[in-house]
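Taken in order, these protein sequences are the chains called A and B. Note that full-length UniProt numbering has the first sequence beginning at 1, numbered continuously upward. Note that full-length UniProt numbering has the second sequence beginning at 1, numbered continuously upward. Inspection log for the structure reproduced underneath, given as structure tokens.
2 protein chains.
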Amino acid sequence: MAHEIPVTEPRVRGKRPPQGDPVVDRAFALLGAFDARRRSMTLGELARRSGIPTSSTLRLAGRLVAWGALERDAEGRYSIGLRLWEVASLAPRAQGLKQVAMPYMGDLEEVTRQHVLLAVRDGDQGLLVERLSSHLAMPVLYRVGGRLPLHSTGVGLVLLAYAESEFQEEVLGRPLVHEPEKVAVSPAALRRTLAAIRQDGLHVLRRRAPQPLVSVAAPVFGADDRIAAALSVVVPLEHAEPRLLGPAVRTAARAISRGLGAQRSIGLVPAP
Amino acid sequence: MAHEIPVTEPRVRGKRPPQGDPVVDRAFALLGAFDARRRSMTLGELARRSGIPTSSTLRLAGRLVAWGALERDAEGRYSIGLRLWEVASLAPRAQGLKQVAMPYMGDLEEVTRQHVLLAVRDGDQGLLVERLSSHLAMPVLYRVGGRLPLHSTGVGLVLLAYAESEFQEEVLGRPLVHEPEKVAVSPAALRRTLAAIRQDGLHVLRRRAPQPLVSVAAPVFGADDRIAAALSVVVPLEHAEPRLLGPAVRTAARAISRGLGAQRSIGLVPAP
Numbered sequence: 001m002a003h004e005i006p007v008t009e010p011r012v013r014g015k016r017p018p019q020g021d022p023v024v025d026r027a028f029a030l031l032g033a034f035d036a037r038r039r040s041m042t043l044g045e046l047a048r049r050s051g052i053p054t055s056s057t058l059r060l061a062g063r064l065v066a067w068g069a070l071e072r073d074a075e076g077r078y079s080i081g082l083r084l085w086e087v088a089s090l091a092p093r094a095q096g097l098k099q100v101a102m103p104y105m106g107d108l109e110e111v112t113r114q115h116v117l118l119a120v121r122d123g124d125q126g127l128l129v130e131r132l133s134s135h136l137a138m139p140v141l142y143r144v145g146g147r148l149p150l151h152s153t154g155v156g157l158v159l160l161a162y163a164e165s166e167f168q169e170e171v172l173g174r175p176l177v178h179e180p181e182k183v184a185v186s187p188a189a190l191r192r193t194l195a196a197i198r199q200d201g202l203h204v205l206r207r208r209a210p211q212p213l214v215s216v217a218a219p220v221f222g223a224d225d226r227i228a229a230a231l232s233v234v235v236p237l238e239h240a241e242p243r244l245l246g247p248a249v250r251t252a253a254r255a256i257s258r259g260l261g262a263q264r265s266i267g268l269v270p271a272p
Numbered sequence: 001m002a003h004e005i006p007v008t009e010p011r012v013r014g015k016r017p018p019q020g021d022p023v024v025d026r027a028f029a030l031l032g033a034f035d036a037r038r039r040s041m042t043l044g045e046l047a048r049r050s051g052i053p054t055s056s057t058l059r060l061a062g063r064l065v066a067w068g069a070l071e072r073d074a075e076g077r078y079s080i081g082l083r084l085w086e087v088a089s090l091a092p093r094a095q096g097l098k099q100v101a102m103p104y105m106g107d108l109e110e111v112t113r114q115h116v117l118l119a120v121r122d123g124d125q126g127l128l129v130e131r132l133s134s135h136l137a138m139p140v141l142y143r144v145g146g147r148l149p150l151h152s153t154g155v156g157l158v159l160l161a162y163a164e165s166e167f168q169e170e171v172l173g174r175p176l177v178h179e180p181e182k183v184a185v186s187p188a189a190l191r192r193t194l195a196a197i198r199q200d201g202l203h204v205l206r207r208r209a210p211q212p213l214v215s216v217a218a219p220v221f222g223a224d225d226r227i228a229a230a231l232s233v234v235v236p237l238e239h240a241e242p243r244l245l246g247p248a249v250r251t252a253a254r255a256i257s258r259g260l261g262a263q264r265s266i267g268l269v270p271a272p
């Protein structure tokens, strides 16, 4: 992943870490060792996952616990701490956006009784900032804070369609595959899809796997009139009525854009 | 605040920072410099707020931007980064709890059309983990990621009522004041309130300021059968029907507790 810090220092016992920055990188490597499958780890697991010697891991983790970036439970397992979550809740591109979006996402969830997703682009992936799901909704694919591919999800395609053209070309130049079917994506077809999304200000994606679903996604614009996020409703393929869902998703996306201070109307009110 | 790291090193120009841990503390001091009123800062503001010399701030902030803990906008202002938010979303006591609670919070919001709050205790304060608010809801007091006093909010009193008795005694021993009225809290009255909450498994708090409201709050228990969070509905005092809200809040809190793996029923089903 683009964000992972390579551990440059070899594991040499007894060697003092170099002065300054590498210590900071190591501290963040400890944080980066956690993921959705590893939300709590022993000291040994943390050391192995981060590639940092156990003695340094113990010392660094102690500093992180003291600050509240990590917490340690009664069995000595480490997990991400509440203080880190508190600070992270100030991230404008996640919580700030979410704060504006939530009431409108609630409306959509109430109308559709399924999943409502809000995602932003981070590097070459989408990051799910919020998800509202009804009790009755079908089993869900993504978790809040999780990543999703740009080229094979409704929100991802919308984020890609409104990204800078250099970035689009870079993505189009790569070998892309639809997971989990392992079907290759045609760059020409993807290019047409992106153009159509910009034309319509909406994307309706039908997928058969991993489960039959329809995702109806629309762009959310920020105060700089550039794309800030993508909003979607994900419903089971059976009984889905994208013609009815489209206007609802568009309306909510437009309301969120206005809430963020966007002036742009392109893509929000497409020509009939 | 218990979590803030004092900046131990004096501001001496040109002095090399000591090796190892203090650098980590400084990196986190930069993160801790952000708050709800300062979500984005220039380099100078960041240095002033954190008490770290500008040259060190620049260097450290560069590392944090490289990792994604901070982001830097076109005007050079720093804000909390998306990668930090992503890692923080793995915090069991915040996002993990929220994931279980959200559908039930959604139900409560749909029924009440006002505010639904979920808070955990962190040190001697409550931390708002989630808030669902209807469009029509009265202006709101608290933001997600924000802190609230234990002794004068519905969720805070519930968190305090089920906390360890040593901690309760410590709080009862302090001079406590209701904000914004500046009315002193009587320790004896607070003690009776906490006992009544444990008896009822519910608290109905009526407040006149800063606005007339009723908060109806109930405890949420975790897999260890200890208090994990407090759930509340906050409605305008006028037209509030706490007798009707109580069972709704209790029911949702119980459902969340079960979702977290709690066995405990004390306080969830009080005697009639």
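For glycine and all other residues, C-beta sits at the position ideal for the given N, C-alpha and C. Just so you know, these numbers come straight off a predicted model, no measurement behind them.
| Residue range of the alpha helix (DSSP H) that residue 200 (chain A) falls in? | The residue given as residue 200 (chain A) occupies position 200 in the first sequence. Counting along the chain, the alpha helix (DSSP H) containing residue 200 (chain A) begins and ends at 187-200.
| query | Taking Cβ-Cβ distances shorter than 7 Å, what residues in chain A pair up with residue 34 (chain B)? | reply | Along the second sequence, one-based indexing puts residue 34 (chain B) at 34. Ordered by position in chain A, the residues that pass the 7 Å Cβ test against residue 34 (chain B) are 87, 90.
| Nearest-angstrom Cβ-Cβ length linking residue 187 (chain B) and residue 172 (chain B), presumed shorter than 8 Å | Within the second sequence, the letter at position 187 stands for residue 187 (chain B). Within the second sequence, the letter at position 172 stands for residue 172 (chain B). Indeed they touch by this definition, with Cβ atoms about 5 Å apart.
| message | Which residues does DSSP list as the beta-bridge partners of residue 236 (chain A)? | response | The residue labelled residue 236 (chain A) in the question sits at position 236 within the first sequence. Per DSSP, A:213.
| Contacting residues, own chain, Cβ-Cβ under 6 Å from residue 253 (chain B) (five flanking each side not counted) | Counting from 1 along the second sequence, the entry for residue 253 (chain B) is found at position 253. The residues are 218, 220, 231.
| request: Assign residue 112 (chain B) to one of two classes, buried (16 or more other C-beta atoms within 10 Å of its C-beta) or exposed (fewer than that). | output: Here residue 112 (chain B) refers to the residue found at position 112 of the second sequence. The residue in question, residue 112 (chain B), is buried, as its Cβ has 16 or more Cβ neighbours within 10 Å.
| If residue 24 (chain A) sits next to residue 43 (chain B), beta carbons under 8 Å apart, how far is it from one beta carbon to the other, in whole angstroms? | Position 24 of the first sequence, counting from 1, holds the residue named residue 24 (chain A). Position 43 of the second sequence, counting from 1, holds the residue named residue 43 (chain B). Contact doesn't hold; Cβ gap of about 17 Å is too wide.
| said: 9 Å is my cut-off, CB to CB: does residue 119 (chain B) come that close to chain A? | reply: Residue mapping note: residue 119 (chain B) aligns to position 119 of the second sequence, counting from 1. For residue 119 (chain B), the answer is no, since every Cβ of chain A falls outside 9 Å of its Cβ.
| message | Is it buried or exposed, residue 184 (chain A), if we count other Cβ atoms within 10 angstroms and call 16 or more buried? | response | As a first step, residue 184 (chain A) must be located in the first sequence, where it is residue number 184. Per the 10 Å Cβ criterion, exposed.
| Closer than 9 Å at the beta carbon, the chain B residues around residue 261 (chain A) | Numbered from 1 along the first sequence, position 261 holds the residue referred to as residue 261 (chain A). Ordered by position in chain B, no residue passes the 9 Å Cβ test against residue 261 (chain A), which lies about 15 Å from the chain.
| said: To be precise: take each residue of the stretch 144-158 of chain B, compare its Cβ to all Cβ atoms of chain A, and keep it if any distance is under 9 Å. Which residues remain? | reply: 144, 145, 146, 147
| task | Hey, could you find the ends of the alpha helix (DSSP H) residue 99 (chain B) is sitting in? | result | Within the second sequence, the letter at position 99 stands for residue 99 (chain B). Segment 97-112, the alpha helix (DSSP H) holding residue 99 (chain B).
| query | DSSP state of residue 126 (chain B), grouped into three classes? | reply | Locating residue 126 (chain B) in the second sequence gives position 126, counting from the first residue. It is a strand residue.
| request: Would you list the one or two residues that DSSP bridges to residue 227 (chain A)? | output: In the first sequence, the residue the question calls residue 227 (chain A) occupies position 227. In the DSSP output, where bridge partners are listed per residue, residue 227 (chain A) has A:221.
| said: Taking CB distances under 9 Å as the criterion, tell me whether residue 215 (chain B) reaches chain A. | reply: Position 215 of the second sequence, counted from the first residue, corresponds to residue 215 (chain B). For residue 215 (chain B), the answer is no, since every Cβ of chain A falls outside 9 Å of its Cβ.
| Is the stretch 190-201 of chain A touching the stretch 87-97 of chain A in the sense that three or more CB pairs, one from each, lie closer than 8 Å? | no
| task | To the nearest angstrom, report how far apart residue 210 (chain B) and residue 105 (chain B) are at their CA atoms. | result | The residue labelled residue 210 (chain B) in the question sits at position 210 within the second sequence. The residue labelled residue 105 (chain B) in the question sits at position 105 within the second sequence. Taking the straight line from one Cα to the other gives about 24 Å.
| CB-CB length for residue 30 (chain B) against residue 50 (chain B), believed under 8 Å | The residue you call residue 30 (chain B) lines up with position 30 of the second sequence. The residue you call residue 50 (chain B) lines up with position 50 of the second sequence. The Cβ separation is near 5 Å, so the contact holds.
| task | Taking only the alpha-carbon atoms, compute the straight-line gap between residue 137 (chain B) and residue 214 (chain B) and give it to the nearest angstrom. | result | As a position in the second sequence, residue 137 (chain B) is number 137, starting the count at 1. As a position in the second sequence, residue 214 (chain B) is number 214, starting the count at 1. If you take the alpha carbons of residue 137 (chain B) and residue 214 (chain B), they lie about 13 Å apart.
| query | Could you give the distance in angstroms between the alpha-carbon of residue 202 (chain A) and the alpha-carbon of residue 108 (chain A)? | reply | Taking the first sequence and counting its residues from 1, one reaches residue 202 (chain A) at position 202. Taking the first sequence and counting its residues from 1, one reaches residue 108 (chain A) at position 108. So the two alpha carbons sit approximately 16 Å from each other.
| Going along the chain, which residues of its own chain have a beta-carbon closer than 6 Å to the beta-carbon of residue 93 (chain A), five neighbours each way excluded? | If you number the first sequence from 1, residue 93 (chain A) lands on position 93. The answer, listed in chain order, is 120.
| Closer than 9 Å to chain A by CB, residue 167 (chain B) | Indexing the second sequence from 1 puts residue 167 (chain B) at position 167. No, because no Cβ of chain A sits closer than 9 Å to the Cβ of residue 167 (chain B).
| Sub-9 Å separation of residue 154 (chain A) and residue 204 (chain A) beta-carbons | What you label residue 154 (chain A) is simply residue 154 of the first sequence in a count that begins at 1. What you label residue 204 (chain A) is simply residue 204 of the first sequence in a count that begins at 1. It is a contact, given that the beta carbons lie within the stated cut-off.
| task | Indicate the three-state DSSP secondary structure (helix, strand or coil) for residue 118 (chain A) in the structure shown. | result | Walking along the first sequence from the start, residue 118 (chain A) turns up at place 118. Residue state, collapsed to three classes: strand.
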